[in-house]
């Protein structure tokens, strides 16, 4: 049944999402996350809010039934906002609880190597934006849920070399800079291809009710631009933060070095 043009305004709540958020927040509290500094607790709470807003209510309705551009906003928030907030807000002792099993720690160390993590993140991003796969996810609800879970899981892995609470899963800061720069390229290329396409790539949105007077092609072009520009900007912002943190660390280390001894024979 075709949804009404204003049906996206409803705040539909999905039990599976609420249960998942309750479990995530409950584990954080149970494992002592609230003992972390306030800024970390605030980051974790913001991650929960981002996930709630993305998967319930108007943004979710627009994404699922009306606008490709809204779907792109949803996906970028799931991949580029939720994971860094989640990881930054997770204290080291909670991370240790997650990696307590030896096989989980081994898999985590392997998967968060920059090259491996980059591939784990990039391949689904590229494949799942092919029209056949993207339209299949829109037509079959269970596939759509799987798509979101893949985006969330691979994005958490992708951000670990930069923001993991455990040092063993983080890459050195110079490597982080190169890693983040390279990660932005495939997303920008996919966004550019979608933006510059001559026709509508996703038939699902071509037959969807029109919202705000956007034609299917204009909606697609806006969605591609969102992936291309803001998506790339987030990686540049992350690179800037890494650069300043690296520079600050180098400054602190230089300040703690002992003064050089005068050369022998100097008066």
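Numbering (our numbering), first residue to last: 1238 to 1504.
We put the beta carbon where it would ideally sit given N, CA and C, even for glycine.
In this text, all values refer to a predicted model and were calculated from it rather than measured experimentally.
How would you write the range of the alpha helix (DSSP H) that residue i sits in, first residue to last?
i	result
residue 1265	1252-1267
residue 1443	1440-1443
residue 1425	1410-1433
residue 1351	1351-1364
residue 1387	1378-1400
How would you label residue i, buried or exposed, when you count the other beta carbons within 10 angstroms and need 16 or more for buried?
i	result
residue 1473	exposed
residue 1477	exposed
residue 1344	exposed
residue 1392	buried
residue 1435	exposed
residue 1249	exposed
residue 1263	exposed
residue 1401	buried
residue 1450	exposed
residue 1255	exposed
residue 1441	buried
Beta-carbon of residue i versus every beta-carbon of chain B: anything under 9 Å?
i	result
residue 1355	Any reference to chain B falls outside this structure, which holds one protein chain only.
Just the Cα atoms here: how many angstroms apart are residue i and residue j?
i	j	result
residue 1378	residue 1371	12 Å
residue 1423	residue 1410	22 Å
residue 1320	residue 1389	7 Å
residue 1347	residue 1307	34 Å
residue 1315	residue 1419	20 Å
residue 1504	residue 1482	With a pLDDT of only 49 at residue 1504, under 50, the local geometry of the prediction cannot be trusted, and no value is derived from it.
residue 1415	residue 1399	11 Å
residue 1460	residue 1309	6 Å
residue 1362	residue 1275	33 Å
residue 1251	residue 1323	21 Å
residue 1432	residue 1484	37 Å
residue 1487	residue 1369	49 Å
residue 1192	residue 1317	In this structure the chain extends from 1238 to 1504, so residue 1192 is not present and cannot be described.
Less than 6 Å between C-beta atoms, sequence neighbours within five positions excluded: which residues of the same chain meet that for residue i?
i	result
residue 1417	1472, 1475 and 1476
residue 1397	1349 and 1406
residue 1395	1354 and 1358
Here's a check: name, in chain order, each residue in its chain whose Cβ is nearer than 8 Å to the Cβ of residue i, leaving out the five neighbours to either side.
i	result
residue 1278	1270, 1271 and 1326
residue 1381	1301, 1374 and 1375
residue 1412	1351 and 1398
residue 1329	1402 and 1403
residue 1437	1443, 1453, 1454 and 1457
residue 1336	1342, 1345 and 1403
residue 1259	none
Using a Cβ-based criterion (distance less than 8 Å to any ligand heavy atom), does residue i qualify as near the ligand FAD?
i	result
residue 1458	Of ligands this structure carries none, so the ligand FAD is not represented either.
(message) At 3 residues or longer, what runs of the beta strand (DSSP E) sit wholly inside the segment 1269-1300?
(response) Listed in chain order, nothing qualifies, since the segment 1269-1300 has no complete beta strand (DSSP E) run of 3 or more residues.
(message) Going residue by residue through the segment 1316-1343, where are the continuous alpha helix (DSSP H) segments of at least 4 residues, counting only ones entirely within it?
(response) 1319-1325 and 1329-1335, all fully within the segment 1316-1343.
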